[in-house]
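Those sequence lines, one after another, are chains A and B. Residue numbering for the first sequence follows the UniProt record's numbering, beginning at 1 and increasing consecutively. Residue numbering for the second sequence follows the UniProt record's numbering, beginning at 1 and increasing consecutively. Cβ coordinates follow ideal geometry from the N, Cα and C atoms, glycine included. All of these numbers come straight from a predicted model, not from anything done at the bench.
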Amino acid sequence: VPRVKRGVTKHARHKKILKAAKGYQASSGRNYKWAKEALMHAWSHAYRHRRQRKGDFRRLWIIRIGAACRQHDTNYSQFMHGLTAAGIEIDRKMLADMAVRDPAAFERLVALAKTD
Amino acid sequence: MASKLSHSIGTHTRLWYLIDARHQVVGRLASMVALLLQGKNKPIYHPSVDTGDHVVVINTGHAVLTGSKWDKKLYRHHTGYPGGLKEIVAKQLHQKNPTMILRRAINGMLPKNLQRKHRMRRLHLYPDSAHSHALNITHQLPGPCPVFKTLSDYSSEEITSFPDIVTRISHL
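Dropping the structure here:
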């Protein structure tokens, strides 16, 4: 096998990593070894948090829906029970959005949930 | 039609709430105030933004602790030196500073993060009914505990016209 010098390929691999670590503090944004370390943590966090994001948002929506319900004399649990009893399947994301942007419609939903 | 037309000036500003702590149980009042300071009563709540409001609590000197807590509840801290555990009973702490009990209760009920200090700065406690925020107050809220009428709150006609239950039962 002819003699191979590793500079070009190594440089290409390192450049890829350093580009992904742009904006990182101190050596992690400049030094290949530190950047690789920081990126491994970053990718692991991102993997985990992409799954947690779904639960995080649902929790936020529930807090917001609960706050909006309490402005209308009910609470989150009674409201959701009333919605399922009335056959309304609007999801929490839309309910939270309506609570902020379309409170008149949200009030109609609260009234629907309160009827038997 | 989703729009921001329903938003008013009050949607995104910090409101000022006034609460009278007379005859209110400390813990129940503190949990209500903590929710207001966090802004968790607002549909625009977000944990990364401080959506809380200002809360002015007056008459903290007349707040209530149930049971024998005035004599038995201990507030402890350690000075860092050996043998430096300081304990003070609720009654003595209240005499020293009538706002401390409620302040410690609310402080303990807020989430322990960097926003806690800012939220506590928006809490204004006064031992009596005098406070300096009259121009800022937007709403007055009732406390969480119902305030009962004492005998002196009833007029003499109501007392005399109250149905006589005792003598009717005693003949049985």
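- Along the segment 51-78 of chain A, going in chain order, the ones with a CB nearer than 9 Å to a CB of chain B are L60, I63, R64, I65, G66, A67, A68, R70, Q71.
- Between B:W16 and the set B:D53, B:K96, B:S152, B:S156, the nearest pair of CA atoms involves B:D53.
- Contacts with chain A (Cβ-Cβ distance below 8 Å) from the segment 36-68 of chain B involve K40, N41, K42, P43, I44, Y45, H46, P47, listed in chain order.
- Less than 7 Å divides the Cβ of A:V110 from the Cβ of A:H72.
- Not a single C-beta of chain A is nearer than 7 Å to the C-beta of B:S8.
- Ranked by Cα distance from B:R103, the options B:S6, B:A34, B:D20 are led by B:A34.
- Within the same chain, V89, A90, K91 come within 8 Å of B:D71 by CB-CB distance, once the 5 residues on both sides are set aside.
- The shortest C-alpha to C-alpha distance from B:P47 to any of A:T74, A:A21, A:R59 is the one to A:R59.
- Of B:R14, B:V25, B:T11, B:S6, the smallest CA-CA separation from B:V147 is found for B:V25.
- The CB of B:K4 comes closer than 8 Å to the CB of R101 in chain A, given here in chain order.
- If you draw a 10 Å sphere on the C-beta of B:P98, you find 16 or more other C-beta atoms in it, and that means buried.
- The beta-carbon distance between A:V100 and B:I44, rounded to whole angstroms, is 6 Å. This is short enough to meet the 8 Å contact definition.
- The alpha-carbon separation between A:A96 and B:H77 amounts to approximately 43 Å.
- Here B:G143 is buried. Its C-beta has 16 or more other C-beta atoms within 10 Å.
- Excluding residues up to 5 positions away in sequence, N59, H62 lie with their Cβ nearer than 6 Å to the Cβ of B:R22 in the same chain.
- For B:Y17, the secondary structure class from DSSP, reduced to helix, strand or coil, is strand.
- Per DSSP, the beta-bridge partners of B:L74 are B:V89.
- Take the alpha-carbon of A:A105 and the one of A:M98: they are about 7 Å apart.
- For the options B:A30, B:D20, B:L18, B:K4, the alpha carbon positioned closest to that of B:N107 is the one of B:A30.
- Collapsing the DSSP output to three states places B:L65 in coil.
- B:E87 has its alpha-carbon roughly 6 Å from the corresponding atom of B:Y75.
- Shown here for A:Y24: same chain residues with a beta carbon closer than 7 Å to its own, the five before and five after excluded, namely A35, A38 in chain order.
- Contact between B:H133 and B:H124 holds: CB atoms are separated by about 6 Å, below the 8 Å threshold.
- Boundaries of the beta strand (DSSP E) harbouring B:L123: 123-125, taken from the DSSP string.
- Closest option to B:H139, judged by alpha-carbon separation, among B:K112, B:S6, B:V57: B:V57.
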